[in-house]
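Colleague:
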Amino acid sequence: MQAKAVQIEEIYQEILDGKRSRFPPNTWKEDSNRELSKRVTKYLIETILKWNEEDIKQKWNTLLIIKYRLLGALKHGYDNSPYKMIEELYPNRFKEWEFGMTPLNFWTKEKAFEALKWTVEEKEKLTSFQLLQVYSVKWLTIHKLISPCQIFWNNSPYSMINELYPGQNKEWEYKFTPTGFWTKKTALEALKWTIEEKEKLTEEQLLSIYTQRWLIKHKLWTPLRRYWKGSPYNMLNTLYPNRYSKDMLKGYKNK
Numbered sequence: 044m045q046a047k048a049v050q051i052e053e054i055y056q057e058i059l060d061g062k063r064s065r066f067p068p069n070t071w072k073e074d075s076n077r078e079l080s081k082r083v084t085k086y087l088i089e090t091i092l093k094w095n096e097e098d099i100k101q102k103w104n105t106l107l108i109i110k111y112r113l114l115g116a117l118k119h120g121y122d123n124s125p126y127k128m129i130e131e132l133y134p135n136r137f138k139e140w141e142f143g144m145t146p147l148n149f150w151t152k153e154k155a156f157e158a159l160k161w162t163v164e165e166k167e168k169l170t171s172f173q174l175l176q177v178y179s180v181k182w183l184t185i186h187k188l189i190s191p192c193q194i195f196w197n198n199s200p201y202s203m204i205n206e207l208y209p210g211q212n213k214e215w216e217y218k219f220t221p222t223g224f225w226t227k228k229t230a231l232e233a234l235k236w237t238i239e240e241k242e243k244l245t246e247e248q249l250l251s252i253y254t255q256r257w258l259i260k261h262k263l264w265t266p267l268r269r270y271w272k273g274s275p276y277n278m279l280n281t282l283y284p285n286r287y288s289k290d291m292l293k294g295y296k297n298k
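To convert a position in the sequence shown, counted from 1, into the working numbering, add 43.
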């Protein structure tokens, strides 16, 4: 085996060049520590393909391994798992869900939570504010998490994140809300929650700061425009009928 180990890359190159039809008999069966498998895999990725990490995540799969004549190594050394093959070569560099293709039935709810938590807290290191700004269907798709969102949460990013971090944020606090999310009832619920629970405003504070700019800051611009034609007063008056006159609001004074 020592002679074989010394020249395994040369043998592999001859196979790729068509000078050999296959590896010597029992190459992979006798490769008990998978040293030869790791060497040819490394040779393929770094010398033949010259891939970076992103290339590996996007393109490494069973079909490519078959194309480059390493199915025997995959079968005997890694139980037909492309991820195990790459993980042994580059330990702890990749998560299985980062790859373009995951195995059939790979996702469970537990794995989805692990992947989402890792992506938010370790890979992207998002603050709470940053999470509110970027979290969406598009973000989940980029990070290869849209499949479990579809499978377990009916394609609702909010349901997924809210189950991971229960009650941490309201759906309307996210920059991206689903199409058709806003109803008049939801808008009033959001306004009441923002005033009374999130900001805990006194009546004096509310009258002093309540403006269109304040509503935009708290992600309430869309329903304001849709249901109250951009009028902060009309929205507030719907929530608290006849409690305030328009001239009591600082934002309306001297207009």
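Glycine residues also receive a C-beta, built at the ideal position from the N, C-alpha and C atoms.
#1: Going by DSSP, what residue range makes up the alpha helix (DSSP H) through Val-180?
#2: What is the DSSP secondary structure of Val-49, counted as helix, strand or coil?
#3: Is Met-44 helix, strand or coil when you go by DSSP?
#4: Of all the alpha helix (DSSP H) runs that stay within the bounds of the region 64 to 103, which reach a length of 4 or more residues?
#5: Check whether the Cβ atoms of Ile-238 and Leu-231 sit closer than 7 Å, and answer yes or no.
#6: Is the separation between the beta-carbon of Ile-129 and that of Trp-103 shorter than 7 Å?
#7: Which class does Thr-105 belong to by DSSP, given the choice of helix, strand or coil?
#8: Would you tell me roughly how many angstroms separate the C-alpha atoms of Thr-170 and Lys-110, rounded to the nearest one?
#9: Taking the C-alpha atoms as reference points, what is the distance between Lys-227 and Tyr-276?
#10: Sorted by chain position, which residues of the same chain lie with C-beta nearer than 8 Å to Ala-48's C-beta, five sequence neighbours on each side aside?
#11: I need the straight-line Cα distance from Gly-120 to Asp-74, nearest angstrom please.
Modeller: Taking the structure as given:
#1: Taking the first residue of the sequence shown as 1, we reach residue 180 at position 137. Unbroken alpha helix (DSSP H) run through Val-180: 180 to 185.
#2: Numbered from its first residue, the sequence shown carries residue 49 at position 6. Note that Val-49 scores 48 on pLDDT, short of 50, meaning its location in the model is unreliable and no value can be drawn from it.
#3: For the purposes of this step, residue 44 is taken as residue 1 along the sequence shown, with counting starting at 1. Bear in mind that the predicted position of Met-44 carries a pLDDT of just 44, short of 50, making it unreliable; the figure below should be weighed with that in mind. Correct three-state label for Met-44: coil.
#4: 78 to 85 and 96 to 102
#5: Position 195 of the sequence shown, counting from 1, holds the residue named residue 238. Position 188 of the sequence shown, counting from 1, holds the residue named residue 231. No, they are not a contact pair.
#6: Along the sequence shown, read from residue 1 onward, the residue named residue 129 stands at position 86. Along the sequence shown, read from residue 1 onward, the residue named residue 103 stands at position 60. Yes, Cβ-Cβ distance for Ile-129 and Trp-103 is below 7 Å.
#7: Reading the sequence shown from its first residue, position 62 is the one you call residue 105. Three-state DSSP puts Thr-105 in a helix.
#8: Within the sequence shown, the letter at position 127 stands for residue 170. Within the sequence shown, the letter at position 67 stands for residue 110. Cα-Cα distance, rounded: 43 Å.
#9: Residue mapping note: residue 227 aligns to position 184 of the sequence shown, counting from 1. Residue mapping note: residue 276 aligns to position 233 of the sequence shown, counting from 1. In a straight line, the C-alpha of Lys-227 is about 15 Å away from that of Tyr-276.
#10: Here the question's residue 48 lines up with position 5 in the sequence shown. Confidence at Ala-48 is low in this model, with a pLDDT of 46, below 50, so its placement is unreliable and the value that follows should be read with caution. Glu-78, Leu-79 and Arg-82, listed in sequence order.
#11: As a first step, residue 120 must be located in the sequence shown, where it is residue number 77. As a first step, residue 74 must be located in the sequence shown, where it is residue number 31. The straight-line gap from Cα to Cα measures roughly 8 Å.
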